[in-house]
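Take the sequence shown: its letter number 138 is residue 138 in our numbering, and every next letter is one higher.
Virtual Cβ for every residue (Gly too), placed ideally from N, Cα, C.
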Amino acid sequence: MKPRLLLAAWLLLPLSAAHAMDLGVNFWNLGWHKPNDCFQDFKNVSGDHPWNPQFLKEISIYRSLRFMDWDNTNGSQRENWSQRPRKADAKQNPVAYEWMIDLCNRNNADLWLTVPHRTITRALTNEPSDYALRLCILVKTGVDMGETNLKPMWWLAGGGVMTFAEGKGAANLRALRDFTAEDFIKAGGVKVCEPLKPNLKLYLEYSNETWNGAFKQSHYCCDEGEALGLDKNRWTAGFRYHAWAAIRLFRAADLVFGADNPRVIKVLATQSANSWIAGQHLAMMRDPRHNPWGVKASAIATAPYFGHKVDGADPKAAERLREAIQKSGQDSAKQKKIAEEAGLKLIAYEGGQHVTKNAKEINTSPLMHDLTKEYLDEMSKYFARFCYYAHVGRAGNGGAWGALEFTGQPLSEAHKYRALVEYAKENPAK
1 MKPRLLLAAW LLLPLSAAHA MDLGVNFWNL GWHKPNDCFQ DFKNVSGDHP WNPQFLKEIS
61 IYRSLRFMDW DNTNGSQREN WSQRPRKADA KQNPVAYEWM IDLCNRNNAD LWLTVPHRTI
121 TRALTNEPSD YALRLCILVK TGVDMGETNL KPMWWLAGGG VMTFAEGKGA ANLRALRDFT
181 AEDFIKAGGV KVCEPLKPNL KLYLEYSNET WNGAFKQSHY CCDEGEALGL DKNRWTAGFR
241 YHAWAAIRLF RAADLVFGAD NPRVIKVLAT QSANSWIAGQ HLAMMRDPRH NPWGVKASAI
301 ATAPYFGHKV DGADPKAAER LREAIQKSGQ DSAKQKKIAE EAGLKLIAYE GGQHVTKNAK
361 EINTSPLMHD LTKEYLDEMS KYFARFCYYA HVGRAGNGGA WGALEFTGQP LSEAHKYRAL
421 VEYAKENPAK
């Protein structure tokens with residue numbers, strides 16, 4: 001019990017006055033976990049508080065929670081709102097949005113969602129994403145609009161809505177952003193959860209790594225981009241389609257929350273080592289043919305991993321990893337310049353070590369504490385927010401992504417997580 005008591009005491013240490021980079025985190029797909037790492041049992045979720053208390057304590061250091069893997073975003077076949085997981089499902093894999101909101105509310109952390117790629121199609125030339133509209137309404141009000149037709153609620157007056165008084169009375173025109181939960185319920189919705197706390201932000205990102213040809217969503221974007229004639233080169237068409245789809249996602253957020261609401265962080269994610277792709281995204285954002293509403297992004301996001309070429313069994317692995325940290329910093333400096341020139345923040349949707357050969361050997365070494373601290377210090381020069389990948393995950397020779405190997409791991413053995421705890425305390429969120 002001593003390591004757990006030490007962790008609890010550590011998390012109660014006074015915060016320093018310094019600030020550099022806010023720390024967030026990613027979670028692994030629940031199917032790769034022990035059943036009780038996060039939920040008390042993700043295969044049998046029920047009640048109002050299904051969380052493992054130790055898990056809640058350990059994630060309290062993070063200011064944002066990115067749920068990409070919890071939503072099974074990579075290769076998702078979800079196309080419409082009716083196909084999403086539900087809070088009442090006993091087995092939560094993928095996890096329902098209601099539980100994601102609940103977790104963020106409990107831990108006072110911002111909500112970062114990656115919207116499945118097939119929910120936005122090339123048919124949405126002049127429309128926002130219907131899926132994203134329903135998602136934003138749920139996050140903002142806790143109301144599920146189900147199968148209610150939303151189009152009459154946003155298309156009038158270029159985004160105005162037609163609402164009806166109690167009974168069968170006269171209609172009046174109002175902006176969707178001004179709707180309350182009660183208004184949505186009267187329009188056919190059902191209150192299913194508490195909304196995201198108003199002091200918390202919503203990060204919205206289209207899919208995950210659509211630039212990465214290893215994922216099905218990459219080829220989907222190429223297909224859709226080619227069909228729209230976004231470029232003769234298949235890959236370039238795919239990169240541009242990512243921004244095209246993100247515009248339709250961001251448009252939905254603007255309608256529900258109000259244009260450029262600082263509570264919504266509209267994320268343009270790109271490849272860390274290839275700053276040219278970010279340029280393609282930004283060009284699409286500026287093009288009125290593809291962005292007729294003048295929708296704006298809030299941030300460019302990259303995944304500045306380090307060490308993917310390093311052998312964890314190499315006697316000089318630590319030296320090689322330090323070199324890789326510097327290379328990641330150089331790539332990030334280029335991305336920060338692009339972001340600043342566009343008036344955007346640079347944030348990291350993922351990041352951390354990326355050793356995939358003999359990964360367990362170096363990742364379970366005490367050396368990873370100092371390497372992780374050095375890495376975070378380097379990344380803090382470039383990023384406003386950094387989401388570590390991942391919070392919990394078992395260590396294997398082909399990859400050791402977790403800061404912790406399991407919930408409740410003694411702090412003395414969790415070298416990467418110990419570094420994250422120290423960084424969070426030394427650099428409190430604004």
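Quick check: what's the CA-CA separation for residue i versus residue j?
i    : j    : result
A157 : R177 : Because the pLDDT of A157 is 38, which lies under 50, any placement of that residue in the model is unreliable, and the question is left without a value.
K425 : G329 : 23 Å
L103 : H219 : 33 Å
A259 : A253 : 8 Å
H369 : V355 : 15 Å
A359 : L371 : 14 Å
Q409 : C38  : 13 Å
R248 : P152 : 17 Å
N36  : A243 : 38 Å
P288 : D130 : 21 Å
K232 : Q280 : 14 Å
F386 : E319 : 24 Å
A214 : C222 : 13 Å
P428 : E147 : 42 Å
I362 : G399 : 11 Å
A384 : A175 : 32 Å
D187 : G24  : Looking at the sequence provided, one finds Ala at residue 187 rather than Asp. C-alpha separation (whole angstroms): 36 Å.
D311 : G393 : 20 Å
L113 : N261 : 17 Å
H308 : L367 : 17 Å
F257 : L200 : 13 Å
N237 : N29  : It should be noted that the sequence gives Ala, not Asn, for residue 237. Roughly 30 Å separates the two Cα atoms.
F179 : I185 : 10 Å
K216 : A317 : 33 Å
A395 : W32  : 11 Å
Q326 : N149 : 51 Å
D183 : R134 : 14 Å
G189 : W154 : 15 Å
D48  : W235 : 46 Å
K197 : L65  : 14 Å
P292 : V95  : 34 Å
Q83  : R118 : 12 Å
N172 : K91  : Confidence is the limiting factor: at N172 the pLDDT is only 47, short of 50, which leaves the residue's position unreliable and the question unanswerable from this model.
Tell me, to the nearest whole angstrom, how far the beta carbon of residue i is from that of residue j; I am working on the premise that it is less than 8 Å.
i    : j    : result
F67  : M21  : Between M21 and F67 the Cβ distance is about 21 Å, and since that is not below 8 Å, they are no contact.
H391 : L404 : 7 Å
S272 : Q353 : Wrong, their Cβ atoms sit about 14 Å apart, outside the cutoff.
S332 : M379 : 7 Å
F27  : D69  : 6 Å
L431 : P128 : What is shown of the chain runs 1 to 430, which leaves residue 431 out entirely.
Y423 : K373 : 7 Å
A313 : L376 : That belief does not hold up - the Cβ atoms of A313 and L376 are roughly 25 Å apart, past 8 Å.
P456 : S207 : The question about residue 456 has no answer here: the residues shown for the chain are numbered 1 through 430.
G142 : K191 : 6 Å
M285 : A297 : 6 Å
Rank the options by C-alpha distance to the C-alpha of residue i and give the top, closest one.
i    : options                : result
R240 : P262, R106, W276, F39  : W276
G294 : A283, G352, T302       : A283
E431 : Y375, V45, H391        : No information on residue 431 is available, as it lies outside the stretch 1 to 430 that the chain covers here.
I59  : Y388, H33, A400        : Y388
C136 : W81, A269, T236, R394  : W81
R487 : D331, G312, L202       : As shown, the chain starts at 1 and ends at 430. That puts residue 487 outside it, with no answer to give.
F250 : C221, N212, E205       : E205
A181 : Y305, M145, F42        : M145
K34  : G24, N26, D48, F55     : F55
V139 : S298, F306, E194       : E194
E350 : L367, G402, A339       : G402
G343 : N363, A299, P315, A324 : A299
L346 : V267, A237, S207, F257 : V267
E209 : N291, K337, T364, A348 : A348
K381 : Q92, P304, R286, W32   : P304
N93  : T114, Q83, D71         : D71
P340 : P292, E374, A278, A317 : According to the sequence shown, residue 340 is Glu rather than Pro. Nearest C-alpha to E340: A278.
F406 : E422, Y375, T364, K373 : T364
P50  : D89, P198, I61         : D89
A132 : V264, V190, L200, M285 : V264
I338 : A269, G31, P116, L150  : A269
V421 : P53, Q40, K57          : K57
N212 : N274, A246, A245       : N274
(Q) Please give me, in chain order, every unbroken run of the beta strand (DSSP E) with length at least 3 that falls completely inside the stretch 90 to 124. (A) 110 to 115
Q.
Extract the residue ranges of the beta strand (DSSP E) inside the stretch 315 to 398, only unbroken runs of 3 or more that lie entirely within it.
A. 345 to 348, 385 to 388
Q. Hey, is the stretch 106 to 115 in contact with the stretch 215 to 231, meaning 3+ C-beta pairs nearer than 8 Å?
A. Taking 8 Å as the limit for Cβ pairs, the verdict is that the stretch 215 to 231 does not touch the stretch 106 to 115.
Q.
I'd like the ranges of any beta strand (DSSP E) spanning at least 3 consecutive residues and lying wholly in the stretch 20 to 45.
A. 22 to 26
Q) Should the stretch 69 to 76 be regarded as contacting the stretch 121 to 136, the criterion being three or more beta carbon pairs within less than 8 Å? A) no
**Q.** 4 or more residues per run - each alpha helix (DSSP H) lying fully within the stretch 183 to 229
**A.** Counting whole runs of 4 or more residues, the stretch 183 to 229 contains the alpha helix (DSSP H) stretches 216 to 227.
**Q.** Every unbroken alpha helix (DSSP H) within the stretch 225 to 293, with a cutoff of 4 residues, ordered by chain
**A.** 234 to 257, 275 to 286
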